[in-house]
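This report concerns only the one structure given below.
4 protein chains.
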Amino acid sequence: MTKELGIGLIGTGFMGKAHAFAYRAALAAFPDIPVPRLEMIADVDHGIASTAAKQYGFARATTDWRALVSDRGIDVVSITTPNVFHKEMALAAIAAGKHVHCEKPLSPSLAHSLIMVEAAEKAGVATQVGFNYIKNPLLKMVRDMVAAGELGEITGFRGIHAEDYMHDPESPYSWRIDPAGGPGVIADLGSHIIGMARFLLGPIAEVSADVRTVVKSRPVAKGAAERKDVWVDDVARILVNFGRGCGGTIEANWIATGRKMQLGFELTGEKGSLVFTQERLNELLLYKAGGDAKTSGYVKIEAGPQHQPYGQFCIAGGHQLGFNDLKTIEMGEFLRAIGEGAKAGPDFREAYEIQKVVEAAIASSTARGWMAVG
Amino acid sequence: MTKELGIGLIGTGFMGKAHAFAYRAALAAFPDIPVPRLEMIADVDHGIASTAAKQYGFARATTDWRALVSDRGIDVVSITTPNVFHKEMALAAIAAGKHVHCEKPLSPSLAHSLIMVEAAEKAGVATQVGFNYIKNPLLKMVRDMVAAGELGEITGFRGIHAEDYMHDPESPYSWRIDPAGGPGVIADLGSHIIGMARFLLGPIAEVSADVRTVVKSRPVAKGAAERKDVWVDDVARILVNFGRGCGGTIEANWIATGRKMQLGFELTGEKGSLVFTQERLNELLLYKAGGDAKTSGYVKIEAGPQHQPYGQFCIAGGHQLGFNDLKTIEMGEFLRAIGEGAKAGPDFREAYEIQKVVEAAIASSTARGWMAVG
Amino acid sequence: MTKELGIGLIGTGFMGKAHAFAYRAALAAFPDIPVPRLEMIADVDHGIASTAAKQYGFARATTDWRALVSDRGIDVVSITTPNVFHKEMALAAIAAGKHVHCEKPLSPSLAHSLIMVEAAEKAGVATQVGFNYIKNPLLKMVRDMVAAGELGEITGFRGIHAEDYMHDPESPYSWRIDPAGGPGVIADLGSHIIGMARFLLGPIAEVSADVRTVVKSRPVAKGAAERKDVWVDDVARILVNFGRGCGGTIEANWIATGRKMQLGFELTGEKGSLVFTQERLNELLLYKAGGDAKTSGYVKIEAGPQHQPYGQFCIAGGHQLGFNDLKTIEMGEFLRAIGEGAKAGPDFREAYEIQKVVEAAIASSTARGWMAVG
Amino acid sequence: MTKELGIGLIGTGFMGKAHAFAYRAALAAFPDIPVPRLEMIADVDHGIASTAAKQYGFARATTDWRALVSDRGIDVVSITTPNVFHKEMALAAIAAGKHVHCEKPLSPSLAHSLIMVEAAEKAGVATQVGFNYIKNPLLKMVRDMVAAGELGEITGFRGIHAEDYMHDPESPYSWRIDPAGGPGVIADLGSHIIGMARFLLGPIAEVSADVRTVVKSRPVAKGAAERKDVWVDDVARILVNFGRGCGGTIEANWIATGRKMQLGFELTGEKGSLVFTQERLNELLLYKAGGDAKTSGYVKIEAGPQHQPYGQFCIAGGHQLGFNDLKTIEMGEFLRAIGEGAKAGPDFREAYEIQKVVEAAIASSTARGWMAVG
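Residue numbers (numbering that gives the first Met the number 0), protein chains in the order written: chain A, 0 to 373; chain B, 0 to 373; chain C, 0 to 373; chain D, 0 to 373.
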């Protein structure tokens, strides 16, 4: 077992900060993992890099991510930059023999993602991709219940990830909707719910989707009269057929006015069902058929130490985990896997499989019919 | 304005009783409608018919529905028998010049339904079909808000009607799943949510559906070893494209273990959104964009007299309507329309339009692609 | 068993209409009760009385309630007038040998209420008082569960009835807050939750309350500059000690801004607990201790035919009862009891016992300490 | 401004771990505070202390808390041991000139707590007590709204902190219910909701309480036949009168079967109301009077960066804070206050004021009447 791992973090924005929190908390939560040594942080801006190093407790700062990925003191590289940079950074890190954590999606292009997968597998480094929501202890239990057949044969899945950060047609054009960055909401949010569906139920065999751009143009800047056409999707509605035989629907939507984090599902089996939404991430609804008719109904399960690894954060129920705790679980599992020479998930391969569903959905929308995945 | 209307009710089961409650309550709720005179009730069993007449306050009982539909004292005929009888009864009633209320769906066959529509329109009688859930005062407000543009351009609709009365594979084969009665859940429950979608957003232009039989055989009787193949659908998942341009999904599901009345929708517009479920029929969630960021969110609206015709049942908010009250609104509106010589809805024509969506969805599922409606 | 009962209804307002709905629906819901014959309705205004008779289906109308209570065709008198009239009307009806249903509270004065109780008991007529909310099928189940010890020893009760119809200090002075009508919110709303507590847990032995007037003056009329002092209570907060030994709290509040029908409780026992609110009257939350830790939690029970008499209104779960259905249950039970010569509840005696708790709470507030009830 | 603060942590259990998480995350969340240097951790067990030091990243471990509080490298002492040790440790730390964070309650005895308050104030060190729940960004907004008069005059407060860790009468006797440790639930949980009430509405002037022991004896050990009498309280129900004039109720309950974290309140004003429960700590319900009647209701506010310091943890709404994040806010505020030479809250003085309410409630229960606080 590796005793200590030097961490290099590229990027200091939204997800960069989340990684920093997670690396700082991981050992406190999981004493059995290698000690993460916060070695270096990179940002294109020197001042930001230095400040972030101090704030997050990294030993060194750099503006040169290439220096970071090749640094001898670094064992693990976290990539939290925009998608278009992932491939180059990841390949460089892999080439330097580093284990790589990369935020999702892997890259704007399926072909490029495959290159990343194959490079990592050939090099034998550990990889992980930031599908943090499935790290929820309650979802681990869901997966276990499904696998154990506690709900009987699964007969349906209705999944969604909807938010509203693009709902206003006057929100200006931005990198987020530049086609160079890949698909729109189906990659940005859709990949989360597709990943969750796969985590719980296994592969998706085929899809038939309606992927569309609703806001057809946006101002070039906030308040500008000039507008620019939008080509990426705002909403994707997908009929899915899982490899296990059950059907379902998946929706990705970033113009869902009012929704801030409607990531969730309703999963139905012959003998029971489960309802989850990230809007109340410490709760899970469970229905088990066959109980006493007068007192049956959905049980609201509240997360507690009986749902590991909740107990690594707090020994009492009802105290609740937050988003950054999920990120800590993610990092903890990655570091443990590296230490044990084991495989953590979801890795590059899994991210690639998710992206294949995304691409199949887009193709099926164009073809106006069903499309096999992969 | 007609002063009084003689009522004839065919059928004394689940919906027959609901009609009886509604006719008994209608005038008390709506003093401006013609007085419903409870004239005759029909059931194939003489004892049941007599008992029902006494219990529900009808003057006469009969085992002969033909006698009922041709009786001179009867102006309005309510048909609550199984679907396969609707056509013959409705045509006879129409031929006798009666106004007809028929439970949904009109008939197992689209062609037969069209015959019913045309007969009624030619005869000039008033018709109504039992899509009771859209009579909810809160849904009238939703329709008005959409029509007035209060949510801006509508960008999405996610509708569902899921229950679990068929979830158990050991539930025996029954008339409900006999193909002679028409499609399965897509007609039984799907018609409600399709009708609701049309009520709120107007016509559905095209659909792409996955309509499937999940429980492929059922015991011929409770506990029997012998099983019979099932041909009607258990779940229908539908991508929809509304005539107004917005997309959406609709699901109908009668194997949704745990759900007793999950009829509802999430309706999203550029400027706001609405969430409704019949599971809490006296509540509506509304989000309006553009409010103060610190105190914005979904508003839980509770039904009250400000949402007419709630006030016809109770002058104070918070007291809540129940299912039978919705049925009373439905009957009250039908009787008022007859009295005024006006058109109530949803009439046979609307039920036929709903059925066209059902048929298009089934056809699209077979064709594995999009299908225009009608 | 009496076959038919002539009904006389005094009052045509809020509760008068509710009684009318209930009498019209009672037999349809409960075929085993005597047939209610809607005989006469009384209102001080002749036009209103006539119109109401036609609208609600009563055979006759009168402006003379004395004529009604002594009419030979009438067996049951429903009193829905303001509290100050209850005593005189009820005593006259009792003197004429009628069974009496009276809205709550019985009278503004405990002494007067006792006179009513004793008159009814001496005459041997059946009585009932309009504590409609406890007629909820789910609450019958709660009482049964408590009685059967399913929650173990009961350790606490937290009850409330809060609404907001008086929250605005600019709401004008009215009959509702005239001290001649008795106490304020503690009688108007408090009696409901006190009655519910007694229904579920039995007698309240002693109380210690804070009963206060918060809005100390109100305009004499809407918008008037002149104000009048208010003497009746706006809020009552009560520590209670049940005869069975457990403690609890009860609150009555009519200035609870935002609340339309916050009538409910949390009832805790050693082995389980129950949570109910009339805001969602078709739901009940149940927690049973001792289950599997990973999947335990509050069960949301949805009302269905398994909770009788729900099934008398609808044979399928999930369809929901409304306020008027509760009133129908109330009337159905009263009529059945009369027919059987049995005792229905809550009768005048029970209403008097509830009023004793109200009076003890007021006295305890003045004394600033505990006060035994009765 | 102090640049760096040496941290000494006494105790490695439930709260010790929470402090460790918080100190590790504080600077990442709040870059403007002095850098917390994790200097030393103390536990009576040498192995546990060493392990904890490594796991939580403290430079040194000790079994001698006296060495810790007098260590020159330490500026801030966190005390997370059982209540009975607080006084001695805090006084020693204060004597050594350290700033002190102490978990609640300060001490089992009001007199001892006062000694601690006075020692700290005389020494001029900063103090803080672990009332972490009020660090919720949403509650800061509540306090601001109340202070700004947005709800009008406050007319009522109904607060509760109920959990169920002692509900089972067969749960064995433990230190938690040893009278030497002070009162029972009223100190353990009651202090949280009393503190929250004071945080939002200011001082409580007088109380009238029912403080009782429900489970009168417990097994001396798990499964033991021998039982020991219990003297501390299981439930406290308190009528309160705030100094600002409004009334309310507060309940503390550790036998509330089913409840894991029912810490919350309903706060009502003339113009609006707020509902909060820690069970859903990222949500707040707000009702504002005077809106459009058809679309008014409770708004469900979801925590986001608009509610600072949420944004220090995540720049996007809907991601949710957890318990440990609240603890981080608490520590961040304490360290910032020390750096600025300012006062953070709640300090020893505030904890003492809370304890005075606890003691007054107990006294009032014995006296069976109202008791002024302090």
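Here a beta-carbon is modelled for each residue, glycine too, at the ideal position from N, C-alpha and C.
Original post:
Who are HIS111 (chain A)'s beta bridge partners in DSSP?
Top reply: Partner(s): none; HIS111 (chain A) has no beta bridge.
Original post:
Would DSSP call ALA179 (chain D) helix, strand or coil?
Top reply: It is helical.
**OP:** In the DSSP assignment, find the unbroken alpha helix (DSSP H) run with VAL184 (chain A) in it and report its ends.
**Re:** In the DSSP annotation of this structure, the continuous segment of the alpha helix (DSSP H) that includes VAL184 (chain A) starts and ends at 184-187.
Original post:
beta strand (DSSP E) containing ILE9 (chain C): first to last residue?
Top reply: Unbroken beta strand (DSSP E) run through ILE9 (chain C): 3-9.
Subject >> 9 Å Cβ cutoff, ALA95 (chain B) in contact with chain D >> reply: Contact of ALA95 (chain B) with chain D is not assigned, every C-beta pair being separated by 9 Å or more.
Original post:
Between the stretch 331-354 of chain B and chain D, which residues of the former have a C-beta closer than 9 Å to a C-beta of the latter?
Top reply: In summary, no residue of the stretch 331-354 of chain B has a CB separated from any CB of chain D by less than 9 Å.
Original post:
Taking buried to mean at least 16 other C-beta atoms within 10 Å of its own C-beta, is GLY244 (chain C) buried or exposed?
Top reply: Under this definition GLY244 (chain C) is an exposed residue.
Subject >> Proximal chain A residues relative to LYS270 (chain B), where beta-carbon distance stays under 8 Å >> reply: Correct list: THR256.
Original post:
Would you say ALA19 (chain C) reaches chain B, if we count a Cβ-Cβ gap shorter than 9 Å as a contact?
Top reply: With 9 Å as the cut-off, ALA19 (chain C) counts as an interface residue toward chain B.
Original post:
Is the CB-CB distance between HIS191 (chain B) and ILE337 (chain B) below 9 Å?
Top reply: The Cβ-Cβ distance between HIS191 (chain B) and ILE337 (chain B) does not fall below 9 Å.
Subject >> Where the stretch 277-289 of chain A meets chain B: residues whose CB sits under 7 Å from a CB there >> reply: Going along the stretch 277-289 of chain A in chain order, one finds TYR286, ALA288 with a Cβ nearer than 7 Å to chain B.
Original post:
Quick one: what does DSSP say PHE130 (chain D) is sitting in, helix, strand or coil?
Top reply: Of the three classes helix, strand and coil, the one that applies to PHE130 (chain D) here is coil, per DSSP.
Subject >> For GLU393 (chain B), the first and last residue of its enclosing beta strand (DSSP E) >> reply: Past the boundaries of the shown model lies residue 393 (chain B); chain B is included only from 0 to 373, so the question cannot be answered.
Subject >> Near-chain A residues of the stretch 140-172 of chain B (beta-carbon distance less than 9 Å), N- to C-terminal order >> reply: Answer set for the stretch 140-172 of chain B: LEU150, GLY151, GLU152, THR154, GLY155, ARG157, ILE159, ALA161, ASP163, HIS166, ASP167, PRO168.
Subject >> Same chain, Cβ closer than 6 Å to PRO304 (chain B), neighbours up to 5 away in sequence not counted >> reply: The residues are GLY310, ILE314.
**OP:** Measure the alpha-carbon distance for GLY201 (chain B) versus ILE361 (chain B) and round it to whole angstroms.
**Re:** Approximately 20 Å, taken between the alpha carbons.
Original post:
Taking the alpha carbon of PRO107 (chain B) as the point to measure from, which residue in B:ALA94, B:VAL357, B:ARG367 has its own alpha carbon closest?
Top reply: Checked all of B:ALA94, B:VAL357, B:ARG367; the closest Cα to PRO107 (chain B) is B:VAL357.
Subject >> Minimum Cβ-Cβ distance from ASP413 (chain B) to chain C less than 9 Å >> reply: Residue 413 (chain B) lies beyond the stretch modelled for chain B, which goes from 0 to 373, so this question has no answer here.
**OP:** Name, please, each residue of chain C whose Cβ falls closer than 8 Å to the Cβ of TYR297 (chain A).
**Re:** Near TYR297 (chain A) (Cβ distances below 8 Å), the residues of chain C are VAL298, LYS299.
Original post:
Does DSSP put THR327 (chain C) in a helix, in a strand, or in coil?
Top reply: Correct three-state label for THR327 (chain C): helix.
**OP:** Taking only beta-carbon positions, decide if LYS53 (chain B) is within less than 9 Å of chain C.
**Re:** LYS53 (chain B) counts as touching chain C.
Original post:
Going by beta carbon distance, what residues of the same chain come within less than 6 Å of VAL128 (chain B), once the five residues before and after it are set aside?
Top reply: So the qualifying residues of the chain are CYS101, LYS103, PRO345, ALA350.
**OP:** Would you kindly check if the distance between the Cβ of LEU280 (chain B) and the Cβ of ALA302 (chain B) is under 9 Å?
**Re:** Taking C-beta atoms as the reference points, ALA302 (chain B) and LEU280 (chain B) count as a pair closer than 9 Å.
**OP:** Determine whether the Cβ of LYS388 (chain B) lies closer than 9 Å to any Cβ atom of chain D.
**Re:** There is no way to answer for residue 388 (chain B), as the model of chain B reaches only from 0 to 373.
**OP:** State buried or exposed for ASP291 (chain A), treating a residue as buried only when at least 16 other CB atoms are found within 10 Å of its CB.
**Re:** By the neighbour-count rule (16 or more Cβ atoms within 10 Å), ASP291 (chain A) is not buried but exposed.
**OP:** Give the residues from the stretch 186-218 of chain B that approach chain A closer than 9 Å (Cβ to any Cβ), ordered along the chain.
**Re:** From the stretch 186-218 of chain B, only SER207, ALA208, ASP209, ARG211, VAL213, VAL214 have a Cβ closer than 9 Å to chain A.
**OP:** Taking only beta-carbon positions, decide if ILE361 (chain D) is within less than 9 Å of chain A.
**Re:** No - not a single Cβ of chain A is within 9 Å of the one on ILE361 (chain D).
Original post:
By Cβ distance, which residues of its chain are closer than 6 Å to GLU225 (chain B), with the 5 residues on each side in sequence left out?
Top reply: Within the same chain, VAL219 come within 6 Å of GLU225 (chain B) by CB-CB distance, once the 5 residues on both sides are set aside.
Original post:
Roughly how many angstroms lie between the CA atoms of ALA204 (chain B) and LEU67 (chain A), to the nearest whole one?
Top reply: One C-alpha to the other measures close to 55 Å.
**OP:** Please list the residues of the stretch 224-237 of chain C that have a C-beta atom closer than 7 Å to any C-beta atom in chain D, keeping them in chain order.
**Re:** Within the stretch 224-237 of chain C, contact with chain D at the beta-carbon level (separation under 7 Å) is assigned to VAL234, ARG236.
**OP:** List the residues of chain A that ALA58 (chain D) touches, going by C-beta distances under 7 Å, in chain order.
**Re:** Here the premise fails: no neighbours, minimum Cβ distance about 14 Å.
Original post:
Which residue comes first and which comes last in the beta strand (DSSP E) that contains PHE241 (chain D)?
Top reply: Residues 234-241.
Subject >> Backbone secondary structure at ASP209 (chain A) - three-state DSSP >> reply: In this structure, ASP209 (chain A) counts as strand in the three-state DSSP scheme.
**OP:** Scan the stretch 39-103 of chain D and note each continuous beta strand (DSSP E) run of 3 residues or more that stays entirely inside, going in chain order.
**Re:** Listed in chain order, they are 59-61, 75-78, 98-101.
Subject >> Span separating the alpha-carbon of TYR164 (chain D) from that of GLY247 (chain C) >> reply: So the alpha carbons of these two residues sit roughly 19 Å apart.
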